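Quick note on this note's numbering: the sequence shown kicks off at 22 and runs consecutively.
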Amino acid sequence: MLEINAIFSMNDTMTREFGLRVAKGTANYTTLGYVVSQSRMYIDRKKSSSTTPPKGMNGRNSVIMKPIKNEIQMRILLDWSSVEIFGNGGLGVITNQIFPDAGSDGIEVFSTGGSVTLKSLKVYQVTGVWK
């Protein structure tokens, strides 16, 4: 299990979306992002697996969340089959099951339409409670 803490600073008025792609493999990933014009944080599972997930489990879930001082904070808990994202200290929360392929362990930062500053990115390996 991983805990990922990211702080994004929005400086560019042209930026449309930004975030992280997690559980990234050769052809698949799960997107954890923010849509600036809608003030929405989201999890997008459309490309989370190369196999077809169960019906209704491959779309995008989102929550309205305003920036704080022009920043978006994301605390992410990522396990082999689930992802939880806590935005701005818990003001926005989304939990989803994911279906990554074996070996999908990459992380990628992205932005579209403009740039965003990644002020901080910390990744921790979390030991599970089950032994």
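Note that the Cβ used here is the ideal one computed from N, Cα and C, for glycine as well.
If you're wondering where the values come from, they're calculated on a predicted model, not measured in any experiment.
Considering only the beta carbon of each residue, do Ser125 and Lys45 sit closer than 8 Å? Translated into the one-based positions of the sequence shown, residue 125 becomes position 104. Translated into the one-based positions of the sequence shown, residue 45 becomes position 24. Cβ distance < 8 Å, so Ser125 and Lys45 count as in contact.
Find out if the Cβ-Cβ distance for the pair Ile119, Val104 is shorter than 8 Å. The residue given as residue 119 occupies position 98 in the sequence shown. The residue given as residue 104 occupies position 83 in the sequence shown. Closer than 8 Å, so yes.
Which residues bound the beta strand (DSSP E) around Met62? Along the sequence shown, read from residue 1 onward, the residue named residue 62 stands at position 41. Its beta strand (DSSP E) spans residues Arg61 to Asp65.
Is DSSP giving Asn91 helix, strand or coil here? Taking the first residue of the sequence shown as 1, we reach residue 91 at position 70. Coil at Asn91, not helix or strand.
Less than 6 Å between C-beta atoms, sequence neighbours within five positions excluded: which residues of the same chain meet that for Leu142? Your numbering for residue 142 matches position 121 in the sequence shown. Around Leu142: Ala27.
Ile85: which of Asp100, Ile128 and Phe107 sits nearest, CA to CA? Position 64 of the sequence shown, counted from the start, is the residue given in the question as residue 85. Closest option to Ile85, Cα to Cα, is Phe107.
What residues in its chain sit with their C-beta under 6 Å from that of Gly54, if we drop five residues either side in the sequence? Here residue 54 refers to the residue found at position 33 of the sequence shown. Same-chain partners within the cutoff: Glu38, Gly40 and Tyr63.
For Gly149, which residues from the same chain have a beta carbon less than 8 Å from its beta carbon, with the 5 sequence-adjacent residues on both sides left out? Taking the first residue of the sequence shown as 1, we reach residue 149 at position 128. Answer for Gly149: Met22, listed in chain order.
Helix, strand or coil: which one does DSSP assign to Thr110? Here residue 110 corresponds to residue number 89 of the sequence shown, with the count starting at 1. Correcting the residue type first, residue 110 is Gly in the shown sequence and not Thr. Three-state result, Gly110: helix.
Would you give the residue range spanned by the beta strand (DSSP E) that Ser83 belongs to? In the sequence shown, residue 83 corresponds to position 62, counting from 1. Residues Arg81 to Ile85.
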